[in-house]
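In terms of this note's numbering, the sequence shown opens at residue 236 and continues consecutively. Please read the structure below before turning to the comments.
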Amino acid sequence: MSVDLIDLHPTPDDLQQLVEEGLRKTPRQLPAWLLYDAAGSQLFEEICAQPEYTLTRTEISLLQERAKEIATSLGSGVIVEFGIGNTRKVAPLLQTIQPSAFIALEISRSALENTLQDLDDAHPGINMLGICCDHSNLQSLPTHPWLEGQRRIGFFPGSSLGNFQPKEAVAVLARFRQLLDGGPLLLGLDQPRDPAQLEAAYDDAAGVSAAFARNLLHRLNRDLQGSIEPERFAYRASWQEAQQRIEMALVSRCDQTLQLANTRWHFASGETLITEHSVKYSPQAAAELVAQAGWSIRQRWHDSDDNLSLHCLEPSD
Ligand SMILES: C[S@@+](CC[C@H](N)C(=O)[O-])C[C@H]1O[C@@H](n2cnc3c(N)ncnc32)[C@H](O)[C@@H]1O
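Right, dumping it as structure tokens:
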């Protein structure tokens, strides 16, 4: 079968506008997808292998153990994954559902190319279509013969929904409902648990999470002709009880002025640049969230500690 790729990545002008908007906020915060350039995608893979970061291993085990039940609940159709990153999570679904095509939406072009090539080698009977885009901002899936007349099954693992604030998360889930055109969505979310465990998961002892966050500054230097010295920022991951989220931030180690695309930005010592949030949802909070976006939970699977769940969602009307 074949591999095809459609590139809808935001332009350099979009990027500059987004960064400037983010740096004008109080506190300053950039969209989480900016973390994923080629180097960021590789560092994320390394994070997944750290002993403190159990989410990926737990979710893969759950998907492998329950693949048949999950496939029955989802039914047949083409699979559309939002933010693929790696191939290990979708593999059990490709094996059991055997779709005619797999559609991967992914912001990191290098991650998209590598994963589609690996999947094509492992599943030669399935057409592989990559769409390089910001999936939270996509109005519709592009027209393509592999999508024509096909029922769509969405897959959104990795607790990636947690990168959005609850209001934005509702909008993203509603957007996915529109993109899936009546089809179901398999959504992976992890739950609030011991804050010390969560903080360690997002600030591993080997320093990979810190390198991942600082890579954002290298990216800004490269894409926006910046003058940032990444080591002048410390990295911090902290649990925020009221918002039920981990906040990941770079903290300026000194008073400094940075230049990005001809604009200067002053950072006071101790001032933060939030790189991402990871909101955690209890089972009840997850049910309320998806209901607001017009989804209902048909079935839920979780690991033995009930730290992470996969939900088969179907449109509620
Ligand atoms: C937290 S990682 C999860 C990767 C993989 N799905 C998993 O569960 O391990 C998020 C993935 O989604 C991609 N991504 C993040 N934000 C995105 C966006 N707005 N649009 C498309 N892809 C995005 C990243 O490049 C990365 O590959």
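Here a beta-carbon is modelled for each residue, glycine too, at the ideal position from N, C-alpha and C. Quick caveat: nothing in here was measured; it's all calculated off a predicted structure.
Range of the contiguous beta strand (DSSP E) that encloses residue i
| i | result |
| --- | --- |
| residue 317 | 313-317 |
| residue 244 | Per DSSP, residue 244 belongs to no beta strand (DSSP E) and is neither H nor E. |
| residue 425 | 420-425 |
| residue 366 | 362-367 |
| residue 337 | 336-341 |
| residue 305 | Segment 302-309 is the alpha helix (DSSP H) holding residue 305; no beta strand (DSSP E) there. |
| residue 322 | Looking at the DSSP string, residue 322 is not in any beta strand (DSSP E), and its letter there is neither H nor E. |
| residue 502 | 498-502 |
| residue 527 | Premise fails: residue 527 lies in the alpha helix (DSSP H), 518-527, not in any beta strand (DSSP E). |
| residue 432 | No beta strand (DSSP E) holds residue 432; the alpha helix (DSSP H) holding it covers 430-436. |
| residue 495 | 491-495 |
Limits of the alpha helix (DSSP H) - the one that residue i falls within
| i | result |
| --- | --- |
| residue 549 | Looking at the DSSP string, residue 549 is not in any alpha helix (DSSP H); the run it does join, the beta strand (DSSP E), is 543-550. |
| residue 283 | 273-283 |
Beta bridge counterpart(s) of residue i as assigned by DSSP
| i | result |
| --- | --- |
| residue 536 | 545 |
| residue 470 | 485 |
| residue 389 | 315, 420 |
| residue 263 | 508 |
| residue 329 | None, per the DSSP bridge assignment. |
Candidates the options, of which the one nearest residue i by Cα
| i | options | result |
| --- | --- | --- |
| residue 508 | 530, 281, 484 | 484 |
| residue 389 | 256, 291, 539, 305 | 305 |
| residue 373 | 510, 407, 264 | 407 |
| residue 437 | 283, 380, 538 | 283 |
| residue 403 | 266, 430, 324, 363 | 266 |
| residue 468 | 251, 400, 503 | 503 |
| residue 274 | 552, 450, 490, 342 | 450 |
| residue 487 | 500, 476, 295, 478 | 500 |
| residue 357 | 260, 237, 426, 254 | 237 |
| residue 465 | 494, 477, 474, 531 | 494 |
| residue 361 | 516, 239, 420 | 239 |
| residue 332 | 320, 258, 340, 298 | 298 |
| residue 350 | 318, 312, 381, 330 | 318 |
| residue 316 | 310, 303, 326, 339 | 339 |
Per-residue burial, residue i [other beta carbons within 10 Å of its own, 16 or more giving buried]
| i | result |
| --- | --- |
| residue 498 | exposed |
| residue 457 | exposed |
| residue 387 | buried |
| residue 294 | buried |
| residue 490 | exposed |
Residue i Cβ short of 8 Å to ligand 1 heavy atom set
| i | result |
| --- | --- |
| residue 265 | no |
| residue 381 | no |
| residue 327 | no |
| residue 271 | yes |
| residue 392 | yes |
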